[in-house]
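Enquirer: FYI, our numbering numbers position 27 of the sequence shown as 28, with every residue one higher than the one before it.
Where a beta carbon is used, it is the ideal one built from N, C-alpha and C, also for glycine.
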Amino acid sequence: MKVLFILLAAFLSLGAIAQEFTLNKKFGVGGGYGFNKPMWRNKFDRRADGKSVMSLYGRYQHNPYWGFVFGYTRYEWQNTPTAARIYDVMGLYRFSGNERGSFLAGLGIGAVDIANYNIDENLKAGLRARVGYEYALTSRLFTSLNVEYLFVGKMIGERRDLQEEGEFNALSAQIHLSYFFGK
Numbered sequence: 002m003k004v005l006f007i008l009l010a011a012f013l014s015l016g017a018i019a020q021e022f023t024l025n026k027k028f029g030v031g032g033g034y035g036f037n038k039p040m041w042r043n044k045f046d047r048r049a050d051g052k053s054v055m056s057l058y059g060r061y062q063h064n065p066y067w068g069f070v071f072g073y074t075r076y077e078w079q080n081t082p083t084a085a086r087i088y089d090v091m092g093l094y095r096f097s098g099n100e101r102g103s104f105l106a107g108l109g110i111g112a113v114d115i116a117n118y119n120i121d122e123n124l125k126a127g128l129r130a131r132v133g134y135e136y137a138l139t140s141r142l143f144t145s146l147n148v149e150y151l152f153v154g155k156m157i158g159e160r161r162d163l164q165e166e167g168e169f170n171a172l173s174a175q176i177h178l179s180y181f182f183g184k
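(1) Take Phe182 and list the residues in its own chain whose beta-carbon comes closer than 6 Å to its own, dropping the five residues that flank it on each side.
(2) Can you tell me whether DSSP reads Phe22 as helix, strand or coil?
(3) Under 6 Å Cβ to Cβ from Tyr136, same chain only, skipping five residues before and after it: list those, please.
(4) According to DSSP, is Phe36 part of a helix, a strand, or is it coil?
(5) Between which two residues does the beta strand (DSSP E) holding Thr81 run?
(6) Grab me the residues of Phe22's own chain with a C-beta within less than 8 Å of its C-beta, minus the 5 sequence neighbours each way, in chain order.
(7) Return the chain-ordered ranges of every beta strand (DSSP E) run that is complete within the region 64-103 and spans a minimum of 3 residues.
(8) Tell me whether Leu105 sits in a helix, a strand or coil according to DSSP, three-state version.
(9) Could you tell me the alpha carbon to alpha carbon distance between Gly1 and Tyr61, rounded to whole angstroms?
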């Protein structure tokens, strides 16, 4: 019985090792959830405490290393009705290519719609940076643990007197789950 268990464990291990984790030319969809914390105590940060971050995205992995994330992310805060909706594109780099696990880094830009904040001019520019670790659960299902930095500033042409009131920074920790299509 012991030998049978060892053979079964060896067989399952070989199956996992032989499985390919190629993300070359694949499209995926995913979502994430986490928590955020406003930073650096400007006017916005003093009146809000971090709460949750939720995201939905499409991802195209051009080759084993470089990919793009097209996403929607919502930041919510406690003690304020203000929420930020971010629509952005992010370049994403996987350091280990087709390996089962890989560190990642990304940089993105997009538009931020801030509800209940500066009603006249609530559309802002957003910059995001991401570092994390991604792990393949199967050849199509990946999970990642990420830390992201968000900077929201004024849009080109926006009045200068709103710049300080409209800027904010936030740091978030998130877990993502992605499913990739194709062979």
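Expert: For this structure:
(1) Position 181 of the sequence shown, counted from the start, is the residue given in the question as residue 182. Around Phe182: Phe28.
(2) One-based indexing of the sequence shown puts residue 22 at position 21. When secondary structure is reduced to three states using DSSP, Phe22 falls in the coil class, being assigned neither helix nor strand.
(3) If you number the sequence shown from 1, residue 136 lands on position 135. For Tyr136, where only same-chain residues beyond five positions count, the Cβ hits under 6 Å are Gly102, Thr144.
(4) By one-based count along the sequence shown, residue 36 stands at place 35. Phe36: strand per DSSP, three-state reduction.
(5) In the sequence shown, residue 81 corresponds to position 80, counting from 1. Note, Thr81: premise wrong, no beta strand (DSSP E); not H, not E.
(6) Against the sequence shown, residue 22 aligns to sequence position 21. The beta carbon of Phe22 lies closer than 8 Å to those of Asn99, Glu100, Arg101, Ala137, Ser140 in the same chain, with the five residues before and after it left out.
(7) Taking 3 residues as the minimum length, the beta strand (DSSP E) runs contained wholly in the region 64-103 are 67-79, 84-95, in order along the chain.
(8) Mapped onto the sequence shown, residue 105 falls at position 104. Looking at Leu105 - three-state DSSP - the assignment turns out to be strand.
(9) No information on residue 1 is available, as it lies outside the stretch 2 to 184 that the chain covers here.
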